[in-house]
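This report concerns only the one structure given below.
Numbering (the numbering used here), first residue to last: 27 to 179.
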């Protein structure tokens, strides 16, 4: 199993934590020098905080861990393509590479709706790799919403 698969599986584990508390199952991990330094999952509903996305949580933890807002040399693995808010935080924190699973055709901001990584005027441009374990990530989201509509969760 390649490292991208291993790290995305770790992000999927985080996403499953979110679904256990009736949150949209999105999970993220941040890796530096081959080690996971931060993890996060969605908590918008439970915290009633619009910024409690998996990526934001992981970025905050990584900044504390490294004692820096600059996450140079870090890679982010997230199960769903980042939204505009999270894409902005990724760019601002200088994350080097972003690997995401499922494309988000409603608010994805690294290729689906727009691509903030391609705006020339920004001073940082992360490398974007979409579709890592896409089927598994997409199915997890679809299954969650099906169960939610049926009242099973």
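For glycine and all other residues, C-beta sits at the position ideal for the given N, C-alpha and C.
Using a Cβ-Cβ cutoff of less than 8 Å, which residues in the same chain neighbour residue i once the five nearest sequence positions on both sides are dropped?
| i | result |
| --- | --- |
| residue 142 | 110, 113, 114, 117, 135, 136 and 148 |
| residue 131 | 138 and 139 |
For residue i, which of the options has the nearest alpha-carbon?
| i | options | result |
| --- | --- | --- |
| residue 125 | 152, 166, 146 and 89 | 152 |
| residue 119 | 36, 150 and 107 | 150 |
| residue 60 | 129, 74, 41 and 28 | 28 |
| residue 73 | 65, 64 and 83 | 83 |
| residue 30 | 58, 92 and 89 | 58 |
| residue 87 | 164, 98 and 65 | 65 |
| residue 156 | 34, 75, 43 and 129 | 129 |
Give me the Cβ distance between residue i and residue j, rounded to the nearest whole Å; I'm assuming they're in contact under 8 Å.
| i | j | result |
| --- | --- | --- |
| residue 159 | residue 106 | With a Cβ gap of about 12 Å, residue 159 and residue 106 do not count as contacting. |
| residue 45 | residue 170 | 5 Å |
If you drop the 5 nearest sequence neighbours on each side, which residues of the same chain put their C-beta closer than 7 Å to that of residue i?
| i | result |
| --- | --- |
| residue 37 | 53, 54, 55, 103, 104 and 105 |
Please tell me whether residue i and residue j are closer than 8 Å, where the distance is taken between their beta carbons.
| i | j | result |
| --- | --- | --- |
| residue 122 | residue 100 | yes |
Kindly identify the DSSP beta-bridge partner or partners of residue i.
| i | result |
| --- | --- |
| residue 89 | Note: residue 89 sits in no beta bridge, so no partner. |
| residue 156 | 126 |
| residue 61 | 58 |
| residue 66 | 54 |
Short of 6 Å in beta carbon distance, which residues of its chain neighbour residue i, apart from the five on each side in sequence? Order them along the chain.
| i | result |
| --- | --- |
| residue 50 | 68 |
| residue 163 | 105, 127 and 128 |
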